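A.B. asks: Numbering (this note's numbering), first residue to last: 30 to 113.
Backbone N, C-alpha and C define an ideal beta-carbon position, used for all residues, glycine too.
Note that the coordinates shown come from a computational prediction; the quantities given were computed from them, not determined experimentally.
I'd like to ask some things about the structure below.
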């Protein structure tokens, strides 16, 4: 399925790096578009995972791109990182 391919692609990009914040935001938008209503929670969970990886690796522009996507698609509270 398209959603599985996009998830794998996003995970690889998060792990390997090299993406700009705009690229990450675009990929996340594609992920949500490919997801059906039942996959929305999975898309949000994947975005949170991506944000956590970017936080750990110090990629603040990418963190901001993911948080902007989360705020738009999952509500403002979802955009903020949980306290350590």
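Let me confirm a value: residue 34 is counted as buried when at least 16 other C-beta atoms fall within 10 Å, else exposed. Which label applies?
C.D. replies: Here residue 34 corresponds to residue number 5 of the chain shown, with the count starting at 1. Classification of residue 34: exposed, given that the 10 Å Cβ count is below 16.
A.B. asks: Measure the alpha-carbon distance for residue 72 versus residue 61 and round it to whole angstroms.
C.D. replies: Residue 72 sits at position 43 when you count from the first residue of the chain shown. Residue 61 sits at position 32 when you count from the first residue of the chain shown. Near 6 angstroms, if we compare the C-alpha coordinates of residue 61 and residue 72.
A.B. asks: Pull up the distance between the alpha-carbon of residue 51 and that of residue 70, whole angstroms please.
C.D. replies: Counting from 1 along the chain shown, the entry for residue 51 is found at position 22. Counting from 1 along the chain shown, the entry for residue 70 is found at position 41. Cα to Cα, residue 51 sits roughly 22 angstroms from residue 70.
A.B. asks: How about residue 54 and residue 107: are their beta carbons less than 8 angstroms apart?
C.D. replies: Taking the first residue of the chain shown as 1, we reach residue 54 at position 25. Taking the first residue of the chain shown as 1, we reach residue 107 at position 78. No; because the gap between Cβ atoms is not below 8 angstroms, this pair is not in contact.
A.B. asks: When burial is assigned at 16 or more other CB atoms within 10 Å of the CB, is residue 112 buried or exposed?
C.D. replies: To locate residue 112, count along the chain shown from 1; it is residue 83. Unreliable placement is indicated for residue 112, whose pLDDT of 38 sits below 50; the coordinate value is still reported in the next sentence. It is exposed - the Cβ of residue 112 has fewer than 16 other Cβ atoms within 10 Å.
A.B. asks: Along the chain, where does the alpha helix (DSSP H) that runs through residue 93 open and close?
C.D. replies: In the chain shown, counting from the first residue as 1, residue 93 sits at position 64. Unbroken alpha helix (DSSP H) run through residue 93: 89-103.
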